[in-house]
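In this text, residue positions in the sequence shown follow the numbering used here: the first is 402, and each later residue adds one.
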Amino acid sequence: MQQPQAFPPRRRYHLRSLEQQEILLPFVRFCPGRTYPHYWQMPAPSKDYPADSAYGRECAAHLLQWLKDNREYVGKGLLSRVAHDIDFDDRNGRGQWMGFFNYLEQLLLLGADRVRIYRHVDGQHQLYLALGQRMSVEARFRRIRLRAR
């Protein structure tokens with residue numbers, strides 16, 4: 402087994418702006434020619450699959466800490482941006498992204514064990530339905546105000 406890669410320093414992620422917070426994640430970087438961050442910039446994979454998996458798990462832990470520190474941004478697509486930027490065809494980087502997603506699955510199960518899944522999702526359906534209705538009513542009142550001017 403090769404020497405494992407050094408893990409990124411552990412930290413908290415409380416900052417004022419979303420852009421400042423996301424770029425602090427160890428796998429998020431700005432790249433030349435791109436106006437927004439790249440959400441999967443990992444060090445070159447080693448030939449040691451367990452070490453690469455450990456690095457991926459560590460990055461997943463950073464993501465989870467970021468979510469805990471920035472609860473208002475949960476559900477805003479950060480994980481989808483990460484998944485979008487991963488090159489799943491890159492067999493050399495497989496250990497990193499497998500470790501990342503496998504650890505997220507483990508933590509998902511820990512969280513899922515604490516709630517009644519279908520009751521929770523029904524509540525989410527009701528919440529988003531109510532938010533949609535609210536936006537519809539607000540839009541109607543904006544149109545009425547514009548006509549009254």
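Just so you know, even glycine gets a beta-carbon here, dropped at the ideal spot from N, CA and C.
Excluding five sequence positions before and after R482, the CB atoms of its chain that fall closer than 7 Å to its own CB belong to Y440, given in chain order.
R482 sits in a helix when the DSSP states are folded into three classes. Secondary structure note for H463: its alpha helix (DSSP H) is the uninterrupted segment 450-470.
Looking at the backbone, the Cα of L479 and that of R541 are separated by about 32 Å. Rounded to the nearest angstrom, the gap between the Cα atoms of Y456 and N471 is 23 Å. Here the C-alpha atom of R458 lies approximately 18 Å from the C-alpha atom of D491. For the region 503-533, there is no continuous alpha helix (DSSP H) assignment of 4+ residues that stays within its boundaries.
The beta-carbon separation of A461 and Y504, rounded to 4 Å, stays under the 8 Å limit for a contact.
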